[in-house]
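> Questions regarding the structure given below will be posed in turn.
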Amino acid sequence: MLDFFNSNETIHFIITVGSMLLFTIGLYGIFTQKNLVKVLISFDIMESALFLFFIGLHYNFGLVAPIVDGSDKTFTNMVDPVPQAMILTTIVIGLAVLALGLSFGIEYFRLTGINDISKMNELRD
Amino acid sequence: MNLKKEFRLKHIVLSLLSSALMLSILGLLSHVKTNLHKTVGDIVLSLNMQTATANAVTSVVTFFRGIDTVGEVTVLFLATTGIALMLSSTQRTYKKVVHQESFILDIGSKMLLNVIVLFGVYVIVHGHLSPGGGFQGGVVIATAFLLLFLANPNMKLKHSILTLGESLSGAAYVLIAIISLFKINILLGNFLPHPVSQIGELVSGGIIPIIYIIVGIKVGSEMSVIVEYFVKEDYLKEVPHA
Amino acid sequence: MSLGYYFLLPVIFSFLTPYFRKLGTSALRGSSVFLTFILFVQTLEYTGVSLPQISQFSVAPPIGIAFVLDNFSLLFLLIFTFSGFMVSLYMLWYFKANDNTNETRFYVFFNMLLAGSIGMILSCDIFNVYIFFEITGISSYALAAYNKDKLGLEAGIKYLIIGSIASIFIVFAIMLIYLQIGTVNIGLIAQRYSEIDPKIAVLIALMLFIGFGTKAELFPMNFWAPDIYQGSSSHVNGLFSAIVAKSYLFVFFHLFYLFGLNTKYTLLIMSLGAITFLVSEFTALNQKDIKRLFAYSTLGQLGILFMALASNSSDTISGALFHLASHSISKLLIFLVLGILISKFKSTKITIVGDFKSLFLSIVLIIGFLSILGIPPFSGFIGKILILKGFALSHNYIAIAFILLVSIVEAVYFFRLIALMLDKKRTKTSVPVGFVNYIVLSVLAILIVLFGVYPSLLTHYTDLATNALLQPHSYLQFALGVGL
Amino acid sequence: MNSIFLLLNLLPILFLYQFGGDLHVSLSLTKEFTLSLSQTPLGTFFAYLSLISFLLVTIAQKSKKTSFSYYALQFLLSIAMLAIVLAGDFITFFIGWEIMTWSSYFLISKSSDIDTKSLQKYILFSLASAFSLIAGMVIAYSFANSFDFNVIQNSFHTMPFNIKVALIVLFSLSFFTKAGVIGLHYWVVDTYSKAPDLFSSILSAVMSKMGIYGLFLVYGHLVGYAELKDMFGVILNGTDFGYVLGWIGVITSIIATFKAITQDEVKRLLAYSSIAQLGYIIAVIGMGTSFGVAGAMYHTLIHTIIKLLLFINVAAIVAQTGKNKFSELGGLIYRTPVSFVMLLIGIIALAGMPPLGGFASKFMLYNAAIDSKFALILVGMLFSGAASFLYCYKLVYGIYLGHPTSKDLETQKEVPISYLIPQVILALLLVATGAFPGAFIKVINPILIEFSLNTIPYTSMGVMQSAVGNFNGLFIISAFVVIFVFILLLIWRIKSKAKNNLNRFDISYCGEVPSKNTQLHYGYGFGTDLYRIKFVNAILKRSSSPFYEALATQTKKTAGLLSRMYYGNIHNTMIIILLFFSALYFIGVN
């Protein structure tokens, strides 16, 4: 019965549904939350969902991490390394943007005491 | 009350809509092919032996998609500069936090610092052999400094050294790219000898471990700076602008 | 010189900025001028070389990443490096006149803004384009918030939030592309785009459209843009308008034509462009803030560009590219002049246009205004008439009527400003211009007039660029690593 | 400075004369655009008209303190007009047109009593006119594949009917706006009256004629009168199209005439009079007959001369006295006698009375209407011609006759000689055109050939041929001079006997002695009685300004409505982006 979980389709289905659920949570956060920190967290949740989705779908059953050890020196039967490298890059970028956004938020809060993005409306017609 | 109801209604409608959207996208994603053949990754795997790097992800990050990593390092550098722009200023003064000098905390954190930094260096240096690398190791090093800040809020980092590490490592990365252009006429090419027989050894892979070490220094110093700025925000004496 | 220098040189200059600062402020300022000058001269050299040109990083594409320069990107490269050079010269004056700002970090962001925009138009790898997109993005967030005042920070936060949304859409699209085709090389994607399951192809196209359309300030996604312009410094606005918006526009239409989306979505983008134009020109009528006013004007011009670039006909696109170049120069000129006025009057009300007394500034400002309005003998006229001619040749009379009718609305506020400038009843204060600015502004103004009276200087490149855009065979070949 | 620019203004005239009517230059701008100058008889006529006007106005500027930029812009304007009338293709034409627009804009802005609203009115109408022109020219390009006039002319008959109509309407709208047809004249009066005094003469005499040139170019050259006849058919003896234009012109001239009579500001009166006079030209320009074209051309010439004369005259008086209202002027006849004589000559011509050029041109206009058998239009023209006597009279009476309304008017001297020189030249021209109306036929015939119309037979300088009979200008003017001299001597004799010591307040009415504040000047309130006539009252009450003001308010309201979208809430902006995505997604994918 557990073989059911050992098929590619099942794993990919679970990962897709799970990551999209996570994405929906992020989306809900963007739709409803107005606190700058929460909005940034929502973005991070959405990004994480995408990372999970992307990495997860590139895992096929029976593949191993793309690292050779001493004994077997061939790169076969391994997962695709390019998505992993791309996700690594995207994570760092996401972190950079998040940190920058937080620093903006801190400074703005210090100046005005506002952390609600819908109340940041000094710039308007 | 009415207003609140309206807001709730808006929330419900929006969340329903987002769920509908995601359900629909989910339905679409079932069309996504999951067992692709002949992706770039497959070609990379087949070519990876030539780079003499045991970790294929590392070779992709530093070599096959090397310019991505230059960009990534730049992004981190820009973010650090931006944070420094926001959170540092001559007007800011930090209050001396009175904290209990605890012998165990003091000595323990300093001891752990060495261990964590050592671990970080290990992760960086073995980036081409095992999971890990410059980014991961750099962040590990930054956590060591975070530990110091937690133990002693009055601590200060030497910014000149960090700036030196950050600037010079970044410049070194770019210089490697340019030297490679002169040596083998390809930007960011692997111009150091990297015999395939050495695969799995510590000195292997030509420029790949060197790049990861540079990235490690850069990420380590930048993350430490970021950590310091955010931690120090807690101990700000007065509001500089207001 | 390898194309890679376009990215690597600004990066190394940015990394070494703290040390230039230690050598003194003039070394810092000089380094940026030197850098942009080198890039500009290098670009001028490429105008005489047979294109496309390619230079690879590490491994040849499609496995690795390469920079490909074809005639389409050359035009943008010329605009970007030239604008960058002009702004770096202008900043020589700016930081002397406003010595309360810390300039060291400004140069970091400025160099990387330029490098990111250039990278976006050169890279032939869509994930690499995303990285440059973020580099440009982060630089522009920081530049928007650079003054650290309330308005600047608000602009920075808003820009950052919008940028995050756009980047999520783009990352999603790139991931779906990789899942479907297994590559991120633009050449390969363009070849195999038709193989994608049609529904997912639509989803990818939509996500790219939303991602780049948001950043390129297309109508229902551009409600943030005026806020950003209002909060930022004026010369930063010049950069946003002349370089950043144009680079997103480049990627938008590059992918639009390469992926063969032009057959399906032409009408959608043309009508959205038209709405952008209409709404922003009408909205501009009511503005009290000069920077916000020109933000709307920029949006309006981008609307015209969207209309014309999506039109699928080579005449219109050639005209649109001419208009794009002319708009970049004119808007840069206007924003730089406004920067001088704002730093003098410490106000951003539109009345500052009527308060200064300087014949030179008035003349160059009026030249900029008339050029954007499309009045001969300035460059904007040639762009506008080429676009209209293109629409006429494809018998799209509705577009012609639309552009001309809304242009009258545009004229209302431009001439209101000119009337303010000419109003003799206002008390006028003389404004110091600064030696460098005389050079910068007169070069820009002379270019506007030159392209107006001798347009074949520029139409030569726009025609080549149009061909490169509509017949991308050679670009695709190079993107797959043929030229190596 | 003045003499330098005088010489500069002479240059284009010499240049034009040197080429002797056969100037064909072209310069390739891009692969599609060429700038080309191609001289036609029509263009030559208008070129000399505008260049000589500029020369005369520059002479008049001698005694007025004028800045370098003013002269430079005026010179640029004259070059732009030269480019318009010599253009061989639409690009050159349009470039000239737009340079004319903005250089005149900056010239108008140099006036001391200009306000932003009038400037905006002027530039917006000018740009609307230009954009209508640009729309027409690109549509023509899309069928002819060239902007060249000759190519468009040759391929015009191959275009679909609706495109032909659209082109004619667009071009007509553009040029009507410049000429100030009623309904599109909203900008004219304010601009003419608030522009610098001498520049008003250029606006009225020369710039409005560029609209007429455009109409000639389109109807006669690009479309062709034969094609107009084919397209719209024939009514009576003229084209259907000409009949419509005839009514437009007549209505314009009637309304403007009545408006002119009730104006108090001198320049406003002249502005309305310009509109009315251009109405005559438009009334006959579409008839498609030789006499129609000839009448329009002749009236163009005469109107230019008259308006230059009158505006320079008024500018001199305004500069001298600092007053520009009829109610503030009066009684200047003894103080500025030469100016008075010049104005008298001007209004005699303006009213179309023999023996001056004005009569000859009116004669041609009426002739054209008779020739086409447009009887109602003829009646309308006669009616407004008769009504124009009123404002002509107001002009001369309000400024020169009666008593001075204030003390400082009593000590005025004659205006400076530099104002008088151009006036004398223009007055002599009026006499000459009246005496030798036949000479003009020689000028017109090449144009008629260009338009492929029949030429008008030429007998002698003094005689003008027409459909209803000839008139001998030389004879008439000789007779008039004799009679005039006789009457003058008679008056002289009577006057020398009369006592001339009447004071302004030496009257009493109904037994009351008027106080110092009572307005006794005849020019004050002149024409207010017209409001009692129902028909005239209906005309005078109506105005195009409510329409345009409502348009402006609505635009502003729309702008306010649209700008509410940009209210700076980034949260809502995000939601809108995501909703837009979902909308497109549900439409696009499903």
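Residue numbers (the numbering used here), protein chains in the order written: chain A, 968 to 1092; chain B, 1338 to 1579; chain C, 2 to 485; chain D, 1085 to 1674. Heads up, the beta-carbon is just placed ideally off N, CA and C, and yes, glycines get one too. These numbers come from a predicted model, not from an experiment.
#1: Please name the residue or residues paired with M1045 (chain A) in a DSSP beta bridge.
#2: Please go through the region 43-129 of chain C and give each complete alpha helix (DSSP H) segment of 4 or more residues, from N-terminal end onward.
#3: Looking at the secondary structure, which residues open and close the alpha helix (DSSP H) in which T1417 (chain B) lies?
#4: Distance check for Q43 (chain C) and L1111 (chain D), CA to CA, integer angstroms please.
#5: Look at the alpha carbon of L471 (chain C) and the alpha carbon of A1016 (chain A), and state the distance between them as a whole number of angstroms.
#6: Is S457 (chain C) near L1121 (chain D), with beta carbons less than 8 Å apart?
#7: Going by beta carbon distance, what residues of the same chain come within less than 6 Å of L387 (chain C), once the five residues before and after it are set aside?
#8: Alpha carbon to alpha carbon, how far is R1419 (chain D) from Q1496 (chain D)? Give it in angstroms, no decimals.
#9: The beta strand (DSSP E) that contains L1119 (chain D), what's its start and end?
#10: Whole angstroms are fine: how far does the CA of G435 (chain C) sit from the CA of F35 (chain C)?
#11: In terms of residues, what are the limits of the beta strand (DSSP E) holding V1109 (chain D)?
#12: Would you call L1416 (chain D) buried or exposed, if buried means 16 or more other Cβ atoms sit within 10 Å of its Cβ?
#13: Give me, in chain order, the residues of the same chain whose beta-carbon lies closer than 7 Å to that of G117 (chain C); leave out the 5 immediate sequence neighbours on both sides.
#14: What does V1547 (chain D) pair with, by DSSP beta-bridge criteria?
#15: List in chain order: all unbroken alpha helix (DSSP H) runs of 4+ residues lying wholly within the region 1215-1251 of chain D.
#16: Would you identify the three-state DSSP class for L989 (chain A), choosing helix, strand or coil?
#17: Where T1657 (chain D) and L1257 (chain D) are concerned, what is the direct C-alpha to C-alpha distance, given to the nearest angstrom?
#18: Excluding the 5 residues preceding and the 5 following A1579 (chain B) in the sequence, name in chain order all residues of the same chain whose CB lies nearer than 7 Å to its CB.
#19: Kindly indicate which three-state DSSP category L1017 (chain A) falls into: helix, strand or coil?
#20: So which residues of chain B does Y1651 (chain D) contact, with C-beta pairs closer than 7 Å?
#21: Quick one: is R106 (chain C) buried, meaning 16 or more other Cβ sit within 10 Å of its Cβ, or exposed?
#22: I166 (chain C): buried (16+ other C-beta within 10 angstroms of its C-beta) or exposed?
#23: If distances are taken between C-alpha atoms only, which option among C:G355, C:L123 and C:L451 comes closest to H255 (chain C)?
#24: I want to see whether chain A comes within less than 8 Å of R1402 (chain B), judged by CB atoms only; does it?
#25: Between Q181 (chain C) and I201 (chain C), which are expected to be in contact by the criterion C-beta below 8 Å, what is the C-beta distance as a whole number of angstroms?
#26: Use the C-beta contact count for T51 (chain C): other C-beta atoms within 10 angstroms, 16 or more gives buried, fewer gives exposed.
#27: Since S431 (chain C) sits in a beta bridge, which residues does DSSP pair it with?
#28: Let me confirm a value: F1177 (chain D) is counted as buried when at least 16 other C-beta atoms fall within 10 Å, else exposed. Which label applies?
#29: What does the alpha-carbon distance come out to for the pair T1399 (chain B) and I1548 (chain B)?
#30: Would you mind giving the Cβ-Cβ distance between A1360 (chain D) and S1216 (chain D), rounded to the nearest angstrom? I have them listed as a contact below 8 Å.
#31: Using a Cβ-Cβ cut-off of less than 8 Å, list which residues of the region 1053-1066 of chain A approach chain C; keep chain order.
#32: Taking only the alpha-carbon atoms, compute the straight-line gap between G25 (chain C) and K1555 (chain B) and give it to the nearest angstrom.
#33: Taking C-alpha atoms, which residue in B:V1381, B:S1396, B:V1369 and B:A1479 lies nearest to F1021 (chain A)?
#34: Taking 8 Å as the threshold (beta carbon to beta carbon), is V1397 (chain B) in contact with chain D?
#35: Measuring CA to CA, which of C:K265, C:S195, C:I447 and C:L268 is closest to S327 (chain C)?
#36: Tell me the DSSP bridge mates of A1171 (chain D)?
In short, the structure shows the following:
#1: Partner(s): A:V1031.
#2: The region 43-129 of chain C contains these whole alpha helix (DSSP H) runs: 72-98 and 105-123.
#3: Annotation for T1417 (chain B): the continuous alpha helix (DSSP H) segment containing it runs G1403 to L1424.
#4: So the alpha carbons of these two residues sit roughly 32 Å apart.
#5: Cα to Cα, L471 (chain C) sits roughly 37 Å from A1016 (chain A).
#6: Their beta carbons are not under 8 Å apart, which means S457 (chain C) does not touch L1121 (chain D) by this criterion.
#7: Closer than 6 Å at the Cβ level, and outside the excluded window around L387 (chain C), lie G320 and F323.
#8: In a straight line, the C-alpha of Q1496 (chain D) is about 6 Å away from that of R1419 (chain D).
#9: Residues T1118 to S1122.
#10: Distance between the alpha carbons of F35 (chain C) and G435 (chain C): 20 Å.
#11: Here the beta strand (DSSP E) through V1109 (chain D) covers H1108 to S1112.
#12: Under this definition L1416 (chain D) is a buried residue.
#13: Taken in chain order, the residues that qualify are F133, I136, T137 and S140.
#14: D:N1556.
#15: Whole alpha helix (DSSP H) segments, 4+ residues: 1233-1239.
#16: In the three-state scheme derived from DSSP, where H, G and I count as helix and E and B as strand, L989 (chain A) is classed as helix.
#17: When only Cα atoms are considered, T1657 (chain D) and L1257 (chain D) end up about 42 Å apart.
#18: Below a pLDDT of 50, predicted positions are generally treated as unreliable, and A1579 (chain B), at 44, falls in that range; no measurement from the model is reported.
#19: Reduced to three states, the DSSP call for L1017 (chain A) is helix.
#20: Within chain B, no residue comes near Y1651 (chain D); the closest Cβ sits about 17 Å away, beyond 7 Å.
#21: Result: buried.
#22: By the 16-neighbour rule on beta-carbons within 10 angstroms, I166 (chain C) is buried.
#23: Closest in C-alpha terms to H255 (chain C), from the list C:G355, C:L123 and C:L451, comes C:L123.
#24: At a cut-off of 8 Å, the C-beta of R1402 (chain B) has a neighbouring C-beta in chain A.
#25: For Q181 (chain C) against I201 (chain C), the beta-carbon gap comes to about 6 Å, under 8 Å, which counts as contact.
#26: Per the sequence presented here, residue 51 (chain C) reads as Ser, with Thr not at that position. For S51 (chain C), the number of other beta carbons within 10 angstroms of its own is below 16, and it is reported as exposed.
#27: For S431 (chain C), the pairing in a beta bridge is given by DSSP as C:K358.
#28: With 16 or more other Cβ atoms within 10 Å, it is buried.
#29: One alpha carbon belongs to T1399 (chain B), the other to I1548 (chain B), and they sit about 7 Å apart.
#30: Actually they are not in contact, since the Cβ atoms of A1360 (chain D) and S1216 (chain D) sit about 23 Å apart, beyond 8 Å.
#31: If you check each beta-carbon in the region 1053-1066 of chain A against every beta-carbon of chain C, the ones closer than 8 Å belong to M1053, T1056, T1057, I1060, A1063 and V1064.
#32: One C-alpha to the other measures close to 25 Å.
#33: The residue from B:V1381, B:S1396, B:V1369 and B:A1479 with its alpha-carbon nearest to that of F1021 (chain A) is B:V1369.
#34: By this cut-off, V1397 (chain B) is not an interface position.
#35: Here the closest residue by C-alpha is C:I447.
#36: In DSSP, A1171 (chain D) forms a bridge with D:L1121.
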